[in-house]
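>
Protein chains: 2
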Amino acid sequence: MDVANLRINGNRLQQSLEEMAKIGATSRGGVTRLALSDEDKQARDLFVKWLKEIDCEITIDDMGSIFGTLPGSENNLPSVMSGSHIDSQPRGGRFDGILGVMGALEILRTIRENNIQINRPVTAVAWTNEEGTRFSPAMIASGVWAGSLKKDYAYNRTDPDGKRFEGELIRIGYKGPSPAKRWPVHAYYEYHIEQGPVLESKNRIIGVPKGIVNLNWYDIYIEGESNQAGPTPMVNRHDSLVAASEMIIAANEIPNKFGGDLVTTVGRIDNEPNSVNIIPGQTHFTFDIRSWNDGLTQRALDNLLPLFKDIADKRGCIVRIEETWRVKHSPFDPKLVRIVNDSAIKLGFDPLEMTSGAGHDAAYINQVAPTAMIFVPSIGGRSHVEIENTTWEDCKAGADVLLQCMLQSANEA
Amino acid sequence: MDVANLRINGNRLQQSLEEMAKIGATSRGGVTRLALSDEDKQARDLFVKWLKEIDCEITIDDMGSIFGTLPGSENNLPSVMSGSHIDSQPRGGRFDGILGVMGALEILRTIRENNIQINRPVTAVAWTNEEGTRFSPAMIASGVWAGSLKKDYAYNRTDPDGKRFEGELIRIGYKGPSPAKRWPVHAYYEYHIEQGPVLESKNRIIGVPKGIVNLNWYDIYIEGESNQAGPTPMVNRHDSLVAASEMIIAANEIPNKFGGDLVTTVGRIDNEPNSVNIIPGQTHFTFDIRSWNDGLTQRALDNLLPLFKDIADKRGCIVRIEETWRVKHSPFDPKLVRIVNDSAIKLGFDPLEMTSGAGHDAAYINQVAPTAMIFVPSIGGRSHVEIENTTWEDCKAGADVLLQCMLQSANEA
Chain D
5 MDVANLRING
15 NRLQQSLEEM
25 AKIGATSRGG
35 VTRLALSDED
45 KQARDLFVKW
55 LKEIDCEITI
65 DDMGSIFGTL
75 PGSENNLPSV
85 MSGSHIDSQP
95 RGGRFDGILG
105 VMGALEILRT
115 IRENNIQINR
125 PVTAVAWTNE
135 EGTRFSPAMI
145 ASGVWAGSLK
155 KDYAYNRTDP
165 DGKRFEGELI
175 RIGYKGPSPA
185 KRWPVHAYYE
195 YHIEQGPVLE
205 SKNRIIGVPK
215 GIVNLNWYDI
225 YIEGESNQAG
235 PTPMVNRHDS
245 LVAASEMIIA
255 ANEIPNKFGG
265 DLVTTVGRID
275 NEPNSVNIIP
285 GQTHFTFDIR
295 SWNDGLTQRA
305 LDNLLPLFKD
315 IADKRGCIVR
325 IEETWRVKHS
335 PFDPKLVRIV
345 NDSAIKLGFD
355 PLEMTSGAGH
365 DAAYINQVAP
375 TAMIFVPSIG
385 GRSHVEIENT
395 TWEDCKAGAD
405 VLLQCMLQSA
415 NEA
Chain Z
5 MDVANLRING
15 NRLQQSLEEM
25 AKIGATSRGG
35 VTRLALSDED
45 KQARDLFVKW
55 LKEIDCEITI
65 DDMGSIFGTL
75 PGSENNLPSV
85 MSGSHIDSQP
95 RGGRFDGILG
105 VMGALEILRT
115 IRENNIQINR
125 PVTAVAWTNE
135 EGTRFSPAMI
145 ASGVWAGSLK
155 KDYAYNRTDP
165 DGKRFEGELI
175 RIGYKGPSPA
185 KRWPVHAYYE
195 YHIEQGPVLE
205 SKNRIIGVPK
215 GIVNLNWYDI
225 YIEGESNQAG
235 PTPMVNRHDS
245 LVAASEMIIA
255 ANEIPNKFGG
265 DLVTTVGRID
275 NEPNSVNIIP
285 GQTHFTFDIR
295 SWNDGLTQRA
305 LDNLLPLFKD
315 IADKRGCIVR
325 IEETWRVKHS
335 PFDPKLVRIV
345 NDSAIKLGFD
355 PLEMTSGAGH
365 DAAYINQVAP
375 TAMIFVPSIG
385 GRSHVEIENT
395 TWEDCKAGAD
405 VLLQCMLQSA
415 NEA
């Protein structure tokens, strides 16, 4: 058969996603499947069972990442890998991460049932703890695999209850025997929902990210003066929450001021003593700024951070600014990006060149192997919420593109 | 002896306050003595012990309020009462509340040791749960005593751990046999720290509040749309925290816009899901507005609350505004206010007419009996914090004024 005509089984992909969505299902149609939880273990067991059903060679590394490989005719050549993650946000969606794992599994199933001859081995992977919501930071296992994070550091991360990453990994039986360390990979494709509204708004089905935007996180700590609300005249106040509010407005106005593709977010705020009749004395918030353009980001930061100081000064508060994460924009492998684009066109789609605004395991793999991604639309642009959704047709479309990409890379010499 | 020359014992008052400050003492010089906690019980036991030492008749009502009375020669006449509260804020100060209880005790001790003949009985009182920080609302026991709050309502209030007020009252052994219900009171004086910076800034020692400002509390709930921070363009966002920040700025500008003695405070904010890389979808904050002028307050609210709606609309968010507390300004008894003022002048002070910006048990008692208050300076205007402080000299000064006021009222026919 001409592999250009080969298609994945959309019903089977849907059924697999529906099975997975039962594990950690929430009342409003989402899932809570935190990394290394009982639900994570249950979903891993199911993934491993499905890999076994198609006679994959299964490797579990000592960070808990699961690799299922089908052999190629030249089995000593570096493999073509695809996958994503099984863990979810608390009350997150049914597609984020798991679509990329089930997509890769579906490619292997399709290759197996059609007895397709491939030159190189192909591997489906599920990376541990991508979300970073239970154990910070995000993408911890792909980071260790790629050599960007230390394994000891990862093992000693604790969840909000103080439980160690390694302890939880052992508890669910997924500290595997193989060291989490990169091996040669010929090509890595990650299939994922867009998690934004761009594809939907432009009425496109396949998105082709040219790379991942930069990502910069800050912790802002403001110290004012706590006092009784009633008896303290306005002029005597050093209200840390009012200062924070002004900073949040300033942070929100930055993209409008500097243009381009900048996005800024204050996601978290903590206020002390947080009592109705006490003037706030200590406020902390996080600040997230991203763009494809590292220079633009820097100019925006050079404008905004001194503004934070001015606002604090004006209100008699002290501000401390800590940079907690800084990753430059990361362009994917141009050849693989072209393969994704061309495969989509051959399948009759009108692919959209874009950037990935979110981090993915692909960001770490991109540092050590040729990497590209495939996006499909998120309905209403919603993600990390229970109503996160993607049509089954679009799920199939992205997987068909992935199949063609993997076959092409796997048949390269 | 001429009682006009009678003075309280400043050292004894200081020692009593220092003893009390040991109960629930924090590492930074404050106290945590939450209502109906073990620390509250320990402090109550000490107060009762000291009342017994001067042969007071002790009554504990079924809201846990403690009354210690010295008889007058016409013991069937309504008594002259003074007191405040024993409970504190979490990591609160050593003077808020307890100064008024120890002050009243010191008056009784002074009368007893000097064998002063008084016409009417005099009573020192400690009201349960004034702060409202463990069991909302504030001033719950004086409210029940005055008939403004229902006892069943009070009994069923729960703390953040779900423990009932009545259960905790029984647990610490302070559900007394006497029904919490007002009896005739000839005059009620409450001695308290100012909890604001006005006396200090004007270099005065005695403040004479003409009454308590109005108090209005609102809960503001904003619903936006939660989404992944990176992939969501700014224009597609409905960020509830940005909307809240604009509202907080607007609320903070109201006193400047409307003038007078208005003060506004946003003390508490809660944000969901409060995660660094997720656009906030639900934000709640509290709004507190106070003034002596009820009409001015209403005009400010008529301006601000529609502004909240406009801000929410502009950002595609929904806002819900709930009024949770509304008390009109409450003028004290003019005759008692004059007695406080004249007593201070006779003692050589230059008393300052002012208002009380904070609520006090006096607010409820003022509804059923002639009431006035005496303020002494808070260093730096700080209160509800561990560094809350008042000099021992000022503590004595206020208690001397209180003594003269109580003697004058107690000797009235």
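Respectively, the protein sequence lines represent chains D and Z. Sequential numbering of the first sequence, starting at 5, is according to this note's numbering. Sequential numbering of the second sequence, starting at 5, is according to this note's numbering. Note that beta-carbon positions come from the ideal geometry of N, C-alpha and C, so glycine has one too.
1) How about Z/G215 and Z/N370: do their beta carbons lie closer than 9 Å?
2) Ordered along the chain, which non-local residues of its own chain (more than five positions away) have a Cβ less than 6 Å from that of Z/I209?
3) Label D/P188 either buried or exposed according to how many other C-beta atoms from any shown protein chain fall within 10 Å of its C-beta, with 16 as the threshold for buried.
4) Just to confirm before moving on: does the CB-CB distance between Z/N454 and Z/N415 stay below 9 Å?
5) Residue range of the beta strand (DSSP E) that D/F289 falls in?
6) Closer than 7 Å, Cβ to any Cβ of chain D: which residues of the region 178-191 of chain Z, in chain order?
7) Under 9 Å between beta-carbons, which chain Z residues line up against D/G320? List them in chain order, please.
8) Going residue by residue through the region 132-161 of chain Z, where are the continuous beta strand (DSSP E) segments of at least 3 residues, counting only ones entirely within it?
9) Suppose you measure from the CA of D/I283 to the CA of Z/V267; what does that come to, to the nearest Å?
10) For the beta strand (DSSP E) containing D/E227, list its first residue and its last residue.
11) Going along the chain, which residues of its own chain have a beta-carbon closer than 8 Å to the beta-carbon of Z/K339, five neighbours each way excluded?
12) Determine the chain Z residues that contact D/I282 at a beta-carbon separation under 7 Å, and present them in chain order.
13) Please list the terminal residues of the continuous beta strand (DSSP E) segment that includes Z/W329.
14) Check distances from the C-beta atoms of the region 222-253 of chain Z to those of chain D and list, in chain order, the residues that come in under 8 Å.
15) Where DSSP assigns a beta bridge to Z/S230, which residues make up the other side?
16) Give, in chain order, every residue of the region 281-304 of chain D whose Cβ lies closer than 8 Å to some Cβ of chain Z.
17) Which chain D residues are close to Z/Q412, counting only those with a beta carbon under 8 Å from its beta carbon?
18) Do you know how far the Cα of Z/L203 is from the Cα of D/P94?
19) Among the candidates Z/P310, Z/L356, Z/H89 and Z/N393, whose CA atom is the shortest distance from the CA of Z/Y195?
20) Is the separation between the beta-carbon of Z/H288 and that of Z/I226 shorter than 9 Å?
21) Give the range of the beta strand (DSSP E) segment to which Z/N275 is assigned.
22) Is there a Cβ from chain Z that is less than 9 Å from the Cβ of D/G363?
23) Would you check if the distance between the CB atom of D/N393 and the CB atom of D/R98 is smaller than 9 Å?
24) Would you mind giving the Cβ-Cβ distance between D/K206 and D/L351, rounded to the nearest angstrom? I have them listed as a contact below 8 Å.
25) Three-state secondary structure (DSSP) at D/P389?
26) Indicate whether at least one CB of chain Z lies closer than 9 Å to the CB of D/V380.
27) Taking Z/L38 as the reference, which of Z/L173, Z/E57, Z/R16 and Z/W54 has the closest Cα?
28) In chain D, what lies closer than 7 Å to Z/V217 by C-beta?
29) Is the number of C-beta pairs between the region 106-113 of chain Z and the region 53-60 of chain Z that are closer than 8 Å three or more?
30) List the residues of chain Z whose Cβ lies closer than 9 Å to the Cβ of D/E198, in chain order.
31) Going along chain Z, which residues have a C-beta under 8 Å from D/N275?
32) Could you check whether the Cβ of D/L266 sits closer than 9 Å to any Cβ belonging to chain Z?
33) Spell out the partners DSSP gives D/E194 in its beta bridges.
34) Tell me which residue opens and which closes the alpha helix (DSSP H) that Z/S205 is part of.
35) Within its chain, find whatever has a CB closer than 6 Å to the CB of Z/A366; leave out the 5 residues flanking it on each side and keep chain order.
36) Is there a Cβ of chain D sitting closer than 9 Å to that of Z/G385, yes or no?
For this structure:
1) As a working mapping, residue 215 of chain Z is identified with position 211 in the second sequence. As a working mapping, residue 370 of chain Z is identified with position 366 in the second sequence. Their beta carbons are under 9 Å apart, which means Z/G215 touches Z/N370 by this criterion.
2) The residue you call residue 209 of chain Z lines up with position 205 of the second sequence. Closer than 6 Å at Cβ, skipping near neighbours: F353, D398 and A401.
3) Position 184 of the first sequence, counting from 1, holds the residue named residue 188 of chain D. D/P188 should be labelled exposed.
4) Examination of residue 454 of chain Z is not possible in this model, given that chain Z is present from 5 through 417 alone.
5) Mapped onto the first sequence, residue 289 of chain D falls at position 285. From DSSP, the beta strand (DSSP E) with D/F289 extends over Q286 to R294.
6) none
7) The sequence position of residue 320 of chain D within the first sequence is 316, counting from 1. Within 9 Å Cβ-Cβ: nothing; D/G320 doesn't reach chain Z, min ~13 Å.
8) none
9) If you number the first sequence from 1, residue 283 of chain D lands on position 279. If you number the second sequence from 1, residue 267 of chain Z lands on position 263. In a straight line, the C-alpha of D/I283 is about 11 Å away from that of Z/V267.
10) As a position in the first sequence, residue 227 of chain D is number 223, starting the count at 1. Boundaries of the beta strand (DSSP E) around D/E227: L219 to E227.
11) Counting from one through the second sequence, the residue named residue 339 of chain Z turns up at place 335. If we look at Z/K339 and ignore the five residues flanking it on each side, its Cβ neighbours are P374.
12) For the purposes of this step, residue 282 of chain D is taken as residue 278 along the first sequence, with counting starting at 1. Ordered by position in chain Z, the residues that pass the 7 Å Cβ test against D/I282 are G271 and H388.
13) Working through the second sequence from its first residue, we reach residue 329 of chain Z at position 325. It spans I322 to V331 - the beta strand (DSSP E) in which Z/W329 sits, taken as one unbroken run.
14) E229, S230, N231, Q232, A233, G234, P235, T236, P237, M238, N240, D243, L245, V246, A248, S249, E250, I252 and I253
15) Looking up residue 230 of chain Z in the second sequence gives position 226. Looking at the DSSP assignment, Z/S230 forms no beta bridge with any residue, so it has no partner.
16) Flagged, chain order: N281, I282, I283, P284, G285, T290, D292 and R294.
17) If you number the second sequence from 1, residue 412 of chain Z lands on position 408. Those do not exist, as Z/Q412 stays about 27 Å from chain D at its closest Cβ, beyond 8 Å.
18) The count along the first sequence starts at 1 and reaches residue 94 of chain D at position 90. The count along the second sequence starts at 1 and reaches residue 203 of chain Z at position 199. Their backbone Cα atoms lie some 51 Å apart in a straight line.
19) In the second sequence, the residue the question calls residue 195 of chain Z occupies position 191. Z/Y195 has its Cα closest to that of Z/H89, out of Z/P310, Z/L356, Z/H89 and Z/N393.
20) The residue given as residue 288 of chain Z occupies position 284 in the second sequence. The residue given as residue 226 of chain Z occupies position 222 in the second sequence. Yes, the Cβ-Cβ distance between Z/H288 and Z/I226 is below 9 Å.
21) The count along the second sequence starts at 1 and reaches residue 275 of chain Z at position 271. Segment I273 to E276, the beta strand (DSSP E) holding Z/N275.
22) The residue labelled residue 363 of chain D in the question sits at position 359 within the first sequence. It does: the Cβ of D/G363 has a partner Cβ on chain Z nearer than 9 Å.
23) Counted from its first residue, the first sequence places residue 393 of chain D at position 389. Counted from its first residue, the first sequence places residue 98 of chain D at position 94. Cβ atoms of D/N393 and D/R98: closer than 9 Å.
24) Reading the first sequence from its first residue, position 202 is the one you call residue 206 of chain D. Reading the first sequence from its first residue, position 347 is the one you call residue 351 of chain D. Not confirmed; about 18 Å, so no contact.
25) Start at 1 with the first residue of the first sequence, and residue 389 of chain D comes out as number 385. The question names Pro, but residue 389 of chain D is Val in the sequence shown. Secondary structure at D/V389: coil, using DSSP grouped into helix, strand and coil.
26) Position 376 of the first sequence, counting from 1, holds the residue named residue 380 of chain D. D/V380 is outside the set of residues whose beta carbon lies under 9 Å from a beta carbon in chain Z.
27) Here residue 38 of chain Z is taken as the residue at index 34 of the second sequence, counted from 1. It is Z/L173 whose Cα lies nearest to the Cα of Z/L38.
28) Indexing the second sequence from 1 puts residue 217 of chain Z at position 213. Residues of chain D passing the Cβ test: G234.
29) yes
30) On the first sequence, residue 198 of chain D is found 194 positions in, with the first residue counted as 1. Correct list: P235.
31) Your numbering for residue 275 of chain D matches position 271 in the first sequence. Correct list: R272 and I273.
32) Position 262 of the first sequence, counted from the first residue, corresponds to residue 266 of chain D. It does: the Cβ of D/L266 has a partner Cβ on chain Z nearer than 9 Å.
33) Residue mapping note: residue 194 of chain D aligns to position 190 of the first sequence, counting from 1. D/M377.
34) Position 201 of the second sequence, counting from 1, holds the residue named residue 205 of chain Z. That run of the alpha helix (DSSP H) goes V202 to S205.
35) Position 362 of the second sequence holds residue 366 of chain Z. Excluding positions up to five away in sequence, the list reads E194, T375 and M377.
36) Taking the first residue of the second sequence as position 1, residue 385 of chain Z is located at position 381. Interface residue, yes.
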